[in-house]
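*Asks:* Sharing a structure with you now.
Number of protein chains: 2
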Amino acid sequence: MTAPLAGYVILDLSHVLAGPYCTMTLADLGAKVIKVERPGLGDDTRAFPPFKDGKSAYFAALNHGKSSIALDLKEDADRTIFDELLSRADVLVENFRPGVLERLGYGWEALHAAFPELILAAVSGFGQTGPDAKRPAYDMVVQARGGVMSITGETGREPVRVGASIGDIVAGMFLSQGILAALVDRARGGGGRRVDVSMLDSQLAILEHAIALTTVTGKAPGPSGARHPLIAPFETFHASDGLFVIAAGNDTLFEKLCIALALPLDGDDRFASNPARVQNARLLKRLIEAVTIEHTRAHWIAKLTAAGVPTGAIQTIDQVLKDPQIQARNMVVDVLDRNGRPAFKAAGNPIKMSDVTDPTTRPPAPELDGNRGEILRWLRGG
Amino acid sequence: MTAPLAGYVILDLSHVLAGPYCTMTLADLGAKVIKVERPGLGDDTRAFPPFKDGKSAYFAALNHGKSSIALDLKEDADRTIFDELLSRADVLVENFRPGVLERLGYGWEALHAAFPELILAAVSGFGQTGPDAKRPAYDMVVQARGGVMSITGETGREPVRVGASIGDIVAGMFLSQGILAALVDRARGGGGRRVDVSMLDSQLAILEHAIALTTVTGKAPGPSGARHPLIAPFETFHASDGLFVIAAGNDTLFEKLCIALALPLDGDDRFASNPARVQNARLLKRLIEAVTIEHTRAHWIAKLTAAGVPTGAIQTIDQVLKDPQIQARNMVVDVLDRNGRPAFKAAGNPIKMSDVTDPTTRPPAPELDGNRGEILRWLRGG
Numbered sequence: 001m002t003a004p005l006a007g008y009v010i011l012d013l014s015h016v017l018a019g020p021y022c023t024m025t026l027a028d029l030g031a032k033v034i035k036v037e038r039p040g041l042g043d044d045t046r047a048f049p050p051f052k053d054g055k056s057a058y059f060a061a062l063n064h065g066k067s068s069i070a071l072d073l074k075e076d077a078d079r080t081i082f083d084e085l086l087s088r089a090d091v092l093v094e095n096f097r098p099g100v101l102e103r104l105g106y107g108w109e110a111l112h113a114a115f116p117e118l119i120l121a122a123v124s125g126f127g128q129t130g131p132d133a134k135r136p137a138y139d140m141v142v143q144a145r146g147g148v149m150s151i152t153g154e155t156g157r158e159p160v161r162v163g164a165s166i167g168d169i170v171a172g173m174f175l176s177q178g179i180l181a182a183l184v185d186r187a188r189g190g191g192g193r194r195v196d197v198s199m200l201d202s203q204l205a206i207l208e209h210a211i212a213l214t215t216v217t218g219k220a221p222g223p224s225g226a227r228h229p230l231i232a233p234f235e236t237f238h239a240s241d242g243l244f245v246i247a248a249g250n251d252t253l254f255e256k257l258c259i260a261l262a263l264p265l266d267g268d269d270r271f272a273s274n275p276a277r278v279q280n281a282r283l284l285k286r287l288i289e290a291v292t293i294e295h296t297r298a299h300w301i302a303k304l305t306a307a308g309v310p311t312g313a314i315q316t317i318d319q320v321l322k323d324p325q326i327q328a329r330n331m332v333v334d335v336l337d338r339n340g341r342p343a344f345k346a347a348g349n350p351i352k353m354s355d356v357t358d359p360t361t362r363p364p365a366p367e368l369d370g371n372r373g374e375i376l377r378w379l380r381g382g
Numbered sequence: 001m002t003a004p005l006a007g008y009v010i011l012d013l014s015h016v017l018a019g020p021y022c023t024m025t026l027a028d029l030g031a032k033v034i035k036v037e038r039p040g041l042g043d044d045t046r047a048f049p050p051f052k053d054g055k056s057a058y059f060a061a062l063n064h065g066k067s068s069i070a071l072d073l074k075e076d077a078d079r080t081i082f083d084e085l086l087s088r089a090d091v092l093v094e095n096f097r098p099g100v101l102e103r104l105g106y107g108w109e110a111l112h113a114a115f116p117e118l119i120l121a122a123v124s125g126f127g128q129t130g131p132d133a134k135r136p137a138y139d140m141v142v143q144a145r146g147g148v149m150s151i152t153g154e155t156g157r158e159p160v161r162v163g164a165s166i167g168d169i170v171a172g173m174f175l176s177q178g179i180l181a182a183l184v185d186r187a188r189g190g191g192g193r194r195v196d197v198s199m200l201d202s203q204l205a206i207l208e209h210a211i212a213l214t215t216v217t218g219k220a221p222g223p224s225g226a227r228h229p230l231i232a233p234f235e236t237f238h239a240s241d242g243l244f245v246i247a248a249g250n251d252t253l254f255e256k257l258c259i260a261l262a263l264p265l266d267g268d269d270r271f272a273s274n275p276a277r278v279q280n281a282r283l284l285k286r287l288i289e290a291v292t293i294e295h296t297r298a299h300w301i302a303k304l305t306a307a308g309v310p311t312g313a314i315q316t317i318d319q320v321l322k323d324p325q326i327q328a329r330n331m332v333v334d335v336l337d338r339n340g341r342p343a344f345k346a347a348g349n350p351i352k353m354s355d356v357t358d359p360t361t362r363p364p365a366p367e368l369d370g371n372r373g374e375i376l377r378w379l380r381g382g
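If you read the protein sequences in the order shown, they are chains U and C.
1 is the number of the first residue of the first sequence in the UniProt record's numbering; add one for each residue after it.
1 is the number of the first residue of the second sequence in the UniProt record's numbering; add one for each residue after it.
Below, the structure is given as structure tokens:
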């Protein structure tokens with residue numbers, strides 16, 4: 001019944017999204033996360049809307065269960081505390097612009113010499129190396145520069161941003177993987193390592209088919225609206241009361257779909273294989289919609305599910321939060337306040353593991369410097 | 001100079017995208033990945049376009065450096081080989097529909113009893129539990145049901161799909177993290193564990209601000225086109241030759257932006273704070289564009305970068321692949337053919353680590369059953 005990272009200590013200098021997302025994942029896996037914030041304002045996201053009782057829901061969602069100490073790394077007394085924390089930490093996470101940590105005297109060489117088992121994990125806009133290493137970035141900048149915006153949106157219209165902040169979040173996830181891989185190796189004597197993840201690199205790493213398409217055909221794909229560019233039918237369709245999706249990814253599923261819709265396309269060369277269906281995707285969509293428009297989404301989702309065809313609703317966030325499958329998987333948890341009462345909702349832990357309890361609540365996010373006394377006692381207590 | 005997972009053996013029953021993406025990441029971190037495919041056709045994606053010299057670029061991008069053996073897990077002789085592989089493996093990865101592995105006699109209880117150190121990692125559409133556990137899913141289904149489509153696209157128009165297959169890829173990334181966390185714990189005696197990741201759960205886990213917004217305000221956000229719903233200015237703008245992005249995430253950056261654009265908004269209450277700017281985002285966009293439309297994207301990107309304001313181009317995939325920063329980070333690698341010549345391009349490893357070489361090439365993706373002899377010799381050789 002132990003969480004896999006119980007006992008590991010993560011010292012977290014990061015702020016805003018990519019770094020805090022990474023350390024939230026590690027906290028959900030059982031690590032102790034100590035957030036080191038700048039005195040005064042702390043993490044920028046403490047001031048991000050929306051608020052409830054004066055507290056940021058955004059900050060709470062990303063920082064629940066962490067503890068906080070405010071340190072000015074230019075002050076000697078605070079540096080002494082930070083050094084003590086480093087001597088107890090397994091990992092230091094940071095998302096300053098490259099060069100900032102070095103100027104504070106905590107560059108990789110200095111840290112590795114003083115704490116040879118410490119893992120230093122940095123996430124930045126463009127990475128620790130390369131011509132643009134020191135440029136500032138936000139999610140929007142890497143979604144745009146990294147190409148995902150160019151393949152998201154409707155053909156012939158302006159590109160759109162992916163609604164979730166995947167510029168930050170995917171980078172935070174790769175940072176977690178790098179940290180965990182370094183811990184695996186350290187356990188067999190590999191020592192401390194430096195992990196360097198860039199938000200821009202991370203965008204490239206999730207492009208999957210788009211790189212293959214571009215390099216083989218010589219032509220970059222554009223946006224393809226609500227459909228997959230390489231599979232058909234694999235898009236949204238109108239029912240009598242709105243849109244839903246059908247994803248028939250191979251010939252068997254397409255045959256099942258045609259039977260369920262009573263659509264006589266058997267033997268029609270235009271739809272006989274996936275490449276043919278992709279070529280005739282617009283016509284195929286019209287033929288399918290001529291049938292689906294006759295009944296409701298619920299009717300078709302039930303019917304196609306019974307036929308074994310992947311399908312589903314396009315849910316708004318309020319609907320997702322009430323989805324019975326999401327509920328059954330404990331994927332919406334309560335972040336508690338100081339009095340143990342539910343204060344905010346947050347996403348649960350998507351990594352379910354045997355012999356690990358999957359709690360339905362999370363401890364509060366910390367007040368700025370709210371755990372100073374407790375952290376100092378822990379340091380001095382041995 | 002050792003990769004962190006060198007020496008670890010991953011047995012990979014998975015196919016298509018989420019599972020193979022996970023094991024590709026582990027291979028890039030140094031693990032030996034043995035792909036166990038069904039005889040005859042093997043992984044579905046061997047038949048996915050685009051092709052070059054009869055080989056799928058899609059398959060190559062996800063399976064480079066893995067070895068392949070074709071086994072029919074209903075045949076005794078092949079089961080014997082599979083059992084031998086299990087006895088040498090650290091991790092078994094699978095993405096069958098829940099229940100399939102049990103019916104083959106390789107359910108978690110049986111595996112854990114026979115191989116107590118083995119980690120079983122499963123990724124599925126909806127997870128191993130819950131009312132919809134056995135439903136089929138594809139990327140499109142979980143992008144729709146999980147809510148990300150409802151916040152992606154233009155206000156007042158139909159929702160669009162995220163151009164990258166984040167329904168699969170994000171789940172594959174959480175599976176990697178679960179595997180690595182289980183390996184960390186196993187190294188200190190934690191034994192084998194079962195990791196259960198669902199594509200739908202994983203979509204919820206990346207929603208970040210959308211859950212906070214919905215639960216605090218009681219209202220689900222809709223799509224917001226090319227702009228962030230909680231920050232302004234943080235969107236696309238027209239220059240004289242096309243669109244580019246500006247992301248001024250706080251007051252200091254907004255001030256720098258106004259100076260660089262010579263835009264006299266100082267002291268204007270409508271733009272004095274981020275909440276005020278969000279409220280007046282449409283007006284603010286018009287005021288900024290009245291200036292940016294006068295010069296090219298290159299002009300503004302250079303000028304704003306010099307001023308320290310996060311900005312950048314919206315690049316198409318061909319532009320991304322030639323981006324000097326992406327090149328400097330070794331983020332586009334050559335997948336070689338059998339003769340050691342470059343055959344395909346693929347994304348590099350976004351997890352850069354000290355004392356680990358970051359090769360500029362990848363070994364070929366395997367032929368179906370192409371490593372049978374070598375794998376059997378390895379099994380029998382000790």
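Ideal placement from N, C-alpha and C gives every residue a C-beta, glycine not left out.
Going by other Cβ atoms of all chains shown within 10 Å of its Cβ, with 16 needed for buried, is residue 259 of chain U buried or exposed?
*Replies:* When all chains shown are included, residue 259 of chain U counts as exposed.
*Asks:* In angstroms, rounded to a whole number, what distance separates the CA positions of residue 11 of chain C and residue 253 of chain U?
*Replies:* Each residue's Cα considered, the two are about 28 Å apart.
*Asks:* What are the residues that DSSP puts in a beta bridge with residue 214 of chain C?
*Replies:* Paired residues: none, contrary to the question.
*Asks:* How would you list, in chain order, the residues of chain U whose beta-carbon sits under 7 Å from the beta-carbon of residue 49 of chain C?
*Replies:* The answer, in chain order, is 230, 275.
*Asks:* At 7 Å on the CB atoms, spell out the chain C contacts of residue 174 of chain U, in chain order.
*Replies:* 350, 351, listed in chain order.
*Asks:* Compute the Euclidean distance between the alpha carbons of residue 5 of chain U and residue 358 of chain C, then round it to the nearest angstrom.
*Replies:* Taking the straight line from one Cα to the other gives about 28 Å.
*Asks:* Please check if any C-beta of chain C sits within less than 8 Å of the C-beta of residue 271 of chain U.
*Replies:* Not an interface residue.
*Asks:* Keeping to the same chain, check which residues put their C-beta closer than 7 Å to that of residue 209 of chain U; ignore five residues upstream and five downstream.
*Replies:* The answer, listed in chain order, is 230.
*Asks:* What is the residue span of the beta strand (DSSP E) that residue 236 of chain C lies within?
*Replies:* Where residue 236 of chain C is concerned, the enclosing beta strand (DSSP E) stretches over 234-239.
*Asks:* Going by DSSP in three states, residue 273 of chain U sits in which element: helix, strand or coil?
*Replies:* The answer is coil: DSSP assigns residue 273 of chain U none of H, G, I, E or B.
*Asks:* Run through the region 331-355 of chain U for me and flag every whole beta strand (DSSP E) of 3 or more residues, listed as ranges in chain order.
*Replies:* Taking only runs of at least 3 residues, the beta strand (DSSP E) segments lying wholly in the region 331-355 of chain U are 332-336, 342-347.
*Asks:* Nearest chain U C-beta to residue 234 of chain C closer than 8 Å, yes or no?
*Replies:* Interface residue, yes.
*Asks:* Using a Cβ-Cβ cut-off of 7 Å (strictly less than) and excluding sequence neighbours within five positions of residue 136 of chain C, which residues of its own chain qualify?
*Replies:* 97, 125, listed in sequence order.
*Asks:* When DSSP labels each residue in this structure, what does residue 156 of chain C get in the three-state scheme?
*Replies:* It is coil, neither helix nor strand.
*Asks:* Would you say residue 361 of chain C faces chain U, with C-beta separation under 8 Å as the test?
*Replies:* No, residue 361 of chain C does not count as interfacial toward chain U.
*Asks:* In chain U, what lies closer than 8 Å to residue 96 of chain C by C-beta?
*Replies:* Correct list: empty, because the minimum Cβ distance to chain U is about 15 Å.
*Asks:* For residue 82 of chain U, report the span of its alpha helix (DSSP H) as first-last.
*Replies:* Looking at the DSSP string, the run of the alpha helix (DSSP H) that includes residue 82 of chain U is 76-88.
*Asks:* Please classify residue 74 of chain U as buried or exposed, where buried requires at least 16 other C-beta atoms within 10 Å of its C-beta.
*Replies:* It counts as exposed.
*Asks:* Helix, strand or coil for residue 294 of chain C? Go by DSSP, reduced to three states.
*Replies:* Coil.
*Asks:* Figure out for me which residue from U:63, U:56, U:55, U:53 has the closest Cα to the Cα of residue 33 of chain U.
*Replies:* Answer by Cα proximity: U:63.
*Asks:* Where does residue 338 of chain C land, buried or exposed, given buried means 16+ other C-beta within 10 angstroms?
*Replies:* Answer is exposed; the Cβ neighbour count stays below 16.
*Asks:* Taking one C-beta from the region 343-360 of chain C and one from the region 78-98 of chain C each time, how about it: are there three or more such pairs within less than 8 Å?
*Replies:* As far as the Cβ criterion goes, the region 343-360 of chain C does not touch the region 78-98 of chain C, which means the pair count is below three.
*Asks:* What does residue 279 of chain U touch in chain C if you count any residue whose Cβ is under 9 Å from its own?
*Replies:* Near residue 279 of chain U there are no residues of chain C at all, since even the closest Cβ is about 11 Å away, more than 9 Å.
*Asks:* DSSP puts residue 470 of chain C in a beta bridge; with which residues?
*Replies:* Past the edges of chain C, shown from 1 to 382, lies residue 470 of chain C, and the structure says nothing about it.
*Asks:* Give me the Cα-Cα distance between residue 361 of chain U and residue 351 of chain U, rounded to the nearest whole angstrom.
*Replies:* Cα to Cα, residue 361 of chain U sits roughly 16 Å from residue 351 of chain U.
*Asks:* Is the beta carbon of residue 215 of chain C sitting closer than 8 Å to the one on residue 220 of chain U?
*Replies:* Contact flag unset, no.
*Asks:* Does the region 297-316 of chain U come close enough to the region 328-335 of chain U that 3 or more CB-CB pairs lie under 8 Å?
*Replies:* At 8 Å Cβ cutoff, the stretches do not touch.
*Asks:* Measuring alpha carbon to alpha carbon, tell me which residue in U:237, U:174, U:16 is nearest residue 44 of chain U.
*Replies:* Residue 44 of chain U has its Cα closest to that of U:16, out of U:237, U:174, U:16.
*Asks:* Between residue 212 of chain U and residue 61 of chain C, which are expected to be in contact by the criterion C-beta below 8 Å, what is the C-beta distance as a whole number of angstroms?
*Replies:* Yes, residue 212 of chain U and residue 61 of chain C are in contact; Cβ-Cβ is about 5 Å, under 8 Å.
*Asks:* Who are the neighbours of residue 52 of chain C on chain U, taking C-beta pairs under 7 Å?
*Replies:* Simply 216.
*Asks:* At 7 Å on the CB atoms, spell out the chain U contacts of residue 180 of chain C, in chain order.
*Replies:* The contacting residues are 177, 180, 181, 184.
*Asks:* Quick test of the definition: if touching needs 3 or more C-beta pairs under 8 Å, does the region 272-292 of chain U touch the region 225-243 of chain U?
*Replies:* Short answer: they touch.
*Asks:* Quick one: grab the DSSP three-state call for residue 196 of chain C.
*Replies:* In the structure shown, residue 196 of chain C sits in a strand (DSSP, three-state: E or B).
*Asks:* Using only the alpha-carbon positions, how far apart do residue 182 of chain U and residue 193 of chain U sit?
*Replies:* So the two alpha carbons sit approximately 7 Å from each other.
*Asks:* Does the region 159-169 of chain C come close enough to the region 147-162 of chain U to have 3 or more Cβ pairs within less than 8 Å?
*Replies:* Yes, the region 159-169 of chain C is in contact with the region 147-162 of chain U.
*Asks:* Using a Cβ-Cβ cut-off of less than 7 Å, list which residues of the region 329-340 of chain C approach chain U; keep chain order.
*Replies:* Residues 329, 331.
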